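Data first, discussion second: the structure below is written as structure tokens.
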Amino acid sequence: MSSASLNPEASVAADSGHQPLRFYVPEPKCRPGSAPDFSGIQLPTEVLPRPPVDASQDQLHAYAYGLIRVLGDDHKIIDEWNPQLDANVLRKGLRSMLLTRIYDQRMLRAQRTGKTSFYMQCTGEEAIAVAQAMALEPDDMCFPSYRQQGLLIAREWPLVDMMCQVYNNSEDRMKGRQLPVFYSAKKAGFFSISGNLGTQFVQAVGWAMASAYKGDTRLAAAWVGDGTTAEADFHYALTFAAVYRVPVLLNVVNNQWAISSFQGIAGGEVTTFAARAVGYGLPGLRVDGNDFLAVYAATKWAIARARAGMGATVIELYTYRAAAHSSSDDPSGYRPEGEGALWPLGDPIERLKQHLIAIGEWSQEQHDALTSELTEEVKSAGKEAESFGTLGSKGTSPSTMFDDVYKELPQHLRRQRQQLGY
Amino acid sequence: MSSASLNPEASVAADSGHQPLRFYVPEPKCRPGSAPDFSGIQLPTEVLPRPPVDASQDQLHAYAYGLIRVLGDDHKIIDEWNPQLDANVLRKGLRSMLLTRIYDQRMLRAQRTGKTSFYMQCTGEEAIAVAQAMALEPDDMCFPSYRQQGLLIAREWPLVDMMCQVYNNSEDRMKGRQLPVFYSAKKAGFFSISGNLGTQFVQAVGWAMASAYKGDTRLAAAWVGDGTTAEADFHYALTFAAVYRVPVLLNVVNNQWAISSFQGIAGGEVTTFAARAVGYGLPGLRVDGNDFLAVYAATKWAIARARAGMGATVIELYTYRAAAHSSSDDPSGYRPEGEGALWPLGDPIERLKQHLIAIGEWSQEQHDALTSELTEEVKSAGKEAESFGTLGSKGTSPSTMFDDVYKELPQHLRRQRQQLGY
Amino acid sequence: MPSMNMIQALNSAMDVMLERDPDVLIFGQDVGYFGGVFRCTAGLQKKYGSKRVFDAPISEGGIVGAAVGMGAYGLRPVVEIQFADYIYPAMDQLTSEAARLRYRSGGEFSAPITVRTPCGGGIYGGQTHSQSPEAMFAHVCGLKTVMPSNPYDAKGLLIAAIEDDDPVVFFEPKRIYNGPFDGHHDRPVKPWAGHALGEVPDGYYTVPLGRANVLRPGTAVTVLCYGTMVHVCLAAAAESGIDAEVIDLRTLMPLDLETIEASVRKTGRCVIVHEATRTCGFGAELSAQVQEACFIHLEAPIERVTGWDTPYPLAHEWQYFPGPARVSEALTRVMEF
Amino acid sequence: MPSMNMIQALNSAMDVMLERDPDVLIFGQDVGYFGGVFRCTAGLQKKYGSKRVFDAPISEGGIVGAAVGMGAYGLRPVVEIQFADYIYPAMDQLTSEAARLRYRSGGEFSAPITVRTPCGGGIYGGQTHSQSPEAMFAHVCGLKTVMPSNPYDAKGLLIAAIEDDDPVVFFEPKRIYNGPFDGHHDRPVKPWAGHALGEVPDGYYTVPLGRANVLRPGTAVTVLCYGTMVHVCLAAAAESGIDAEVIDLRTLMPLDLETIEASVRKTGRCVIVHEATRTCGFGAELSAQVQEACFIHLEAPIERVTGWDTPYPLAHEWQYFPGPARVSEALTRVMEF
Ligand SMILES: Cc1ncc(C[n+]2csc(CCOP(=O)(O)OP(=O)(O)O)c2C)c(N)n1
Ligand SMILES: Cc1ncc(C[n+]2csc(CCOP(=O)(O)OP(=O)(O)O)c2C)c(N)n1
Ligand SMILES: [Mg+2]
Ligand SMILES: [Mg+2]
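Protein chains in written order, with this note's numbering: chain V, 14 to 435; chain A, 14 to 435; chain U, 768 to 1104; chain B, 768 to 1104.
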């Protein structure tokens, strides 16, 4: 067969008077070998004011296409969405973000040295989970993906408990069953992470319906990545949230990549992810995800709207996955080296730090001291966690494998456990 | 337990300073016993001009919220979208619509008299399938739901063949396997109807990608109901169509009802179904589905856009399901008697007929004559079809039950067929 | 005691639970105002309000996904999937989420949901209104799987399912909603009225999950069945004159192996009957377990009488349906082995 | 003959088919530029262009649904589901659509698609990267189900699957992508290089669907297995010293019952091994069929050695994995019966 005939587009004769049809496969601007190039990303120059929480669809339309920012390029505040936070609150945010990053670094090293089988960082995305956790009430229920460890850290959940899960050791409350980072912490309002992308999105909607059904005051919030918006559960979540006017925050973390696929493969070339909301009659806010203050402010708006009985908001958090997808991934195979450093929206920790310095509430010295303190904190937590074992050393008993499949152990599992010798 | 404590909304103490949360369950304005009331339906007064086929998203936004109309309330043409059809074409459209309705009536009677187990009419929705079939090329591929029998009729597919399927008789090409009306007619560009709502939507996208892949000129078009938009396949279809810029028409027939659920349960209270398109960066057109000319014109626009390499369009066809959902359904259980007669957009057949009369191309006498002619045509087709059997009398051999599960009959099915005595 | 058909019994179960437990709520396609296409929820919205009984979008995955979230909150949602043939869009939420939530969270969260869904053929439903996919769910650890065969059990099992702390897929054989159909489709329809198991108490009671019911004691051969097939098997036993012990499994997971084992040890013979397709149907598991547990007692091969490995055809459904003649033949073969 | 691991063999199969048949195209998550998270499609986009090998949205249902449409047009799409654990969102398109399209349309339309998906545990994947859901698909009439155990078969079976006119779910046991893992996780990793079935021709050949392979002839007991378990069973046979006949099924549907029956008639004993959960696993069907076909030849109960009926745990995966010790014990029990 000649290679010409293998050109599929030439193989059906177009005898109808019409041109042959075409389809299109999106491709990112740069691949390994070429220089990183973010010139295609246009940051909106117009700043949209903070709308009233009961604004109508028409009034909100533009927010799905703009970009809510508070920290300007000069580290000064752009006023429209300024949440007016006390410097103590900002320093708490900075601390949690920094702690998240240092925690990630240590756990990745732990993976490299064989203490665990797998790890996932959230480098460059710390502002999202941290600012949103701070905007939410401590008992609002979070349905995260695997990249919102910052929620637990901002809620001051013990690092040791998190580490024990990562190490699948004897103190792992998930009894060694789950992939590292698939935490569950009901007391911290942190739902069990699934592994199946997106399933938590509609569950969050159901949870929020239940909360409203009971006359409770606890909201639900959920997170998915840009890539995950293509799953059915995303559609279910927005449909149910819109139909039943559910008090839930539906967050899309657009970090530009889904493993090796750029966000164009999820539909990000033709519109924003916040725009998905528009289709369901929900408000969509597009937010600079590397701007702690903007994330906080937008989240507060959505919370107020939900509490006012106006239902759900979709928030697109525009950011960049600065690290590899996971410890199993090497991005040099699909994107140019050094892309992260050129990301036009900067680094969230650096930006909040510089803002605090600019307003006279922080200094490089304080920052260095904080970094050392947190490094120590993580190190000592690490030591404690390791004392309960690391992967393969000191875990829960294999007999626990049969627990929790059902509330009560059924006969057939008892028999199987006996066969295993327990 | 007191009935007060059974009020779920009162049962969780709200001690957080926040108001108890709420959710909302949509309910149609009228139910049996109350008078039908369509005062909530506001027909847009502004008429949007026909945009260029390569219009950008911004330019198209309003079309998802407006209503494209050509036949005004006075049966005169509103010019903007006038497709300038020859009177012969209009008469052909009228004929196909009328034939569809007469066919439906006869087959429903056949069901009532036990000749078949089930039937589904499309009463009031005839303009949609008929005008769209006429706008499409005869070999463009249709992926219908069960309510687009008008496609087959407009494409002049033999009524006898359709009836044999409905009767599950010896000439039924589907060999008695399928529910009545679940036709398949490859030669008519009519894809096999599934029964599982919505699955055909993303299949149509795949088919159109294949057509483009081969450099073919055949478009695909697909139909789902308002209720079905909540299924995953709807989301998959719009996502894939947007990402790969696929030459496909994605039609949502909003006939206000999904069995007993009004369109608010699918999200139709908060926005239009055409607006779903906006969320994916696709054009969405909202069209008066009872206006033959508007349906035709909007479809032609979407076809031209697809052929220009601009990808998919979502068309919401705004109509009313005038009859019961199916022969198993009795709408008097959930909606007011006589609602259909008050539908503000009228009856599609009546409207095209009056238009033709208004422009001097038709008369009541001609219409009566046509009605008699088509009634005869259907009757004689019915006789012929019945000669091949009706349900339970003269069907295919039970041995055919084992065919077509796989291309070749595997051993285990051969054994099972033998067990059945064949 | 009032006489109820299966629809009324299921309705009564939900009524009782809505009344007793404010954490019970019901949603699904057409279940609200209209009361469900099979009328199982008729009157409940009117009685309990539209926050407790309401319509859902046509989105099986969304329905189960939302229910899982409600379950995680602490409610006990009861959802309806209009036909079992349409449960596949919810497969992921059932398999990956409801079934494994307790396990993966180390017991922190769970999904005490009940998924009701009509199954089975014999109503001219064709390939998309006739399926019996129970084996797929029985394969998924973490789920419980139930299929009643009569009004009394239907109510008691449904209440038990709603109260159960694990997710339960509750199959309702729609062919016997109105009467104990025994496969003789050419005979007049029998109603539940007058049938012993159509006598159903008005109030609360449970039939525990995981316990089979020996509906017809016998000595010659053990017949394992559930749902509509129970009546077919009883008819076959009567018509063949073979003294079969007919066991209605009621719950597939957890399975009452004790009752099965005791019976087969006694009879030495076993016939398994289900409507689902044969290959990898639940009968395969039953056959494997009976063989494992009773090998030395078996005097004849275990036989399976099942739907064929084809989609459920409309016009030929009585050739597809494993009716009393086919069961009788199997009984005879097993006895004559 | 070149030596290939299973990844290279699968890549070669797709390369051969892309070259031979312009109607073959490949899509799935990360399969384009990057070449797949397991690298099975590495280099193919570069060679054939991005219209023939491309990335898809994270939408398993959309991927299979689009493939069904392409198949209906007349193409032969080969799609990848990144892990078998993520195939459930595509369950409806596979079960209700791909599997029944030919049937319901009276043969007018069909879906000659191939769905490749890595399965199985032993890679510290936890409950969402370890599953073996093959039984669910074997239960669905209209689908074919394949699972190779070595590079040679993987390539030949994948080519046969792509050429097959019916939809095929093609499971790839990821633990043996790089070497013939026999369950001894504490021993050094063995590569495919040097293994007889790692010798793989460069060009076109097929291994027909529906034919099992007697990998180790024996007289004492028949061992039925597939995928990774083939190597575990061979190890168990060697280590137990029992002269087992190890049959690699390769295709579960259609099943090569003839080969199985001939073997069990000869040996009179049968052990079935799979990694999937036990209840309603494919082993149940095998057990039922062997029992039905070979009842009078059986000298001991058929045993199943399988994954437990729990989700696949991470830390305890070697207690979960049915390794050579558990298979050897079963062989011994069966021999000593
Ligand atoms: C249902 C499902 N399909 C596929 C995968 C495999 N997978 C894991 S992460 C990932 C990419 C997710 O990308 P995105 O949603 O953008 O989130 P991010 O990793 O960028 O935070 C994929 C495809 C999965 N876990 N679940
Ligand atoms: C997946 C699936 N779920 C449920 C059903 C049952 N069902 C058949 S038609 C219907 C209503 C569909 O409403 P809509 O999409 O608005 O189409 P219409 O009937 O109004 O044309 C339902 C729920 C089905 N056929 N398939
Ligand atoms: Mg991402
Ligand atoms: Mg409708």
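All C-beta atoms in this analysis are idealised placements derived from N, C-alpha and C, irrespective of residue type, glycine included. Quick caveat, the model's predicted, so the values are computed rather than measured.
Beta-carbon proximity of residue i to residue j, cut-off 9 Å
i, j, result
"V261 (chain A)", "W236 (chain A)", "no"
"V831 (chain U)", "L861 (chain U)", "yes"
"Q431 (chain V)", "L1024 (chain U)", "no"
"V846 (chain U)", "T895 (chain U)", "no"
"A223 (chain V)", "A234 (chain V)", "no"
8 Å Cβ shell around residue i - same chain, five flanking residues per side excluded
i, result
"R168 (chain A)", "A146, P151, A201, G202 and F203"
Contact set for residue i: own chain, Cβ-Cβ below 6 Å, skip 5 residues either direction
i, result
"V981 (chain B)", "I1014"
"D417 (chain A)", "none"
"E390 (chain V)", "none"
Span of the alpha helix (DSSP H), counted from its first residue to its last, around residue i
i, result
"V60 (chain V)", "Segment: none, V60 (chain V) is in no alpha helix (DSSP H) and carries neither H nor E."
"G1074 (chain U)", "Careful: G1074 (chain U) lies outside any alpha helix (DSSP H), inside the beta strand (DSSP E) at E1070 to G1074."
"R509 (chain A)", "In the structure as shown, chain A starts at 14 and stops at 435, and residue 509 (chain A) therefore has no counterpart that could be examined."
"R998 (chain B)", "Per the sequence presented here, residue 998 (chain B) reads as His, with Arg not at that position. T995 to S1007 is the span of the alpha helix (DSSP H), which, as asked, contains H998 (chain B)."
"T242 (chain A)", "Segment: none, T242 (chain A) is in no alpha helix (DSSP H) and carries neither H nor E."
"C1061 (chain U)", "F1049 to C1061"
"E1042 (chain U)", "Here E1042 (chain U) belongs to no alpha helix (DSSP H); instead the beta strand (DSSP E) covers C1037 to T1044."
"C177 (chain V)", "L172 to Y180"
"L295 (chain A)", "Where L295 (chain A) is concerned, there is no enclosing alpha helix (DSSP H), given that its DSSP letter is neither H nor E."
"E930 (chain U)", "P918 to E930"
Integer-rounded CB distance, given that residue j should sit under 8 Å from residue i
i, j, result
"L306 (chain V)", "P96 (chain V)", "6 Å"
"T284 (chain A)", "Q70 (chain V)", "7 Å"
"P349 (chain V)", "A48 (chain V)", "6 Å"
"D301 (chain V)", "G137 (chain V)", "That pair is no contact at about 13 Å."
"S130 (chain V)", "I166 (chain V)", "Not confirmed; about 22 Å, so no contact."
"S183 (chain A)", "K407 (chain A)", "5 Å"
"T1106 (chain U)", "G923 (chain U)", "No statement about residue 1106 (chain U) is possible, as the shown extent of chain U runs from 768 to 1104 and does not include it."
"G294 (chain V)", "A288 (chain V)", "Not quite, the Cβ-Cβ distance comes to about 12 Å (not below 8 Å), so this is no contact."
"Y347 (chain V)", "Y944 (chain B)", "That belief does not hold up - the Cβ atoms of Y347 (chain V) and Y944 (chain B) are roughly 20 Å apart, past 8 Å."
Short CB-CB distance (under 9 Å) between residue i and chain D
i, result
"S339 (chain V)", "Of the protein chains in the structure, V, A, U and B, none is chain D."
Start-to-end residues for the beta strand (DSSP E) that takes in residue i
i, result
"A233 (chain A)", "A233 to G238"
"R983 (chain U)", "N980 to R983"
"K911 (chain U)", "K911 to V913"
"E939 (chain B)", "V935 to P940"
Proximal residues to residue i (C-beta, below 7 Å), its chain only, five neighbours per side dropped
i, result
"S770 (chain U)", "W959, A960, G965 and E966"
"F415 (chain V)", "L422, L426, Q429 and R430"
"T1046 (chain U)", "D1076"
"H368 (chain A)", "L84 and H88"
"V783 (chain B)", "I926, G970 and Y971"
"D117 (chain A)", "Q134, C135 and T136"
Report the start-end ranges of each beta strand (DSSP E) in the stretch 797 to 870 of chain U that is 3 residues or longer and not cut off at the edges.
820 to 822 and 843 to 847
If you scan the stretch 768 to 796 of chain U from start to end, which runs of the beta strand (DSSP E) of 3 or more residues do you find wholly inside it?
791 to 795
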